[in-house]
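Undergrad:
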């Protein structure tokens with residue numbers, strides 16, 4: 178699944194998003210592109226749960 182996260186502007190932001198997703202699913206694989214402000218997530222969790230974790234981390238995900 179992919180999300181656009183326009184408020185993910187740096188590597189620190191990307192690490193925060195990744196940490197939030199991996200707190201939900203420790204086996205999740207997250208690829209973050211801070212230039213495109215997009216993440217790709219491979220996880221067994223559903224998209225709503227992943228989006229909620231990103232919101233809890235302080236970011237605004239939009240399905241891509």
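Numbering (my numbering), first residue to last: 178 to 241.
Think of the CB as a built atom: it goes at the ideal place given N, C-alpha and C, for glycine as much as any other residue.
Straight-line CA distance for residue 182 to residue 229?
TA: About 13 Å.
Undergrad: So residue 207 is in the alpha helix (DSSP H); what residue range does that whole segment cover?
TA: Where residue 207 is concerned, there is no enclosing alpha helix (DSSP H), although the beta strand (DSSP E) it sits in stretches over 206 to 210.
Undergrad: What residue range does the alpha helix (DSSP H) around residue 200 cover?
TA: Segment 188 to 201, the alpha helix (DSSP H) holding residue 200.
Undergrad: Buried or exposed: which applies to residue 233, given that a residue is buried once 16 or more other Cβ atoms fall within 10 Å of its Cβ?
TA: Residue 233 should be labelled exposed.
Undergrad: Please report the residue range of the beta strand (DSSP E) in which residue 215 lies.
TA: Residues 215 to 219.
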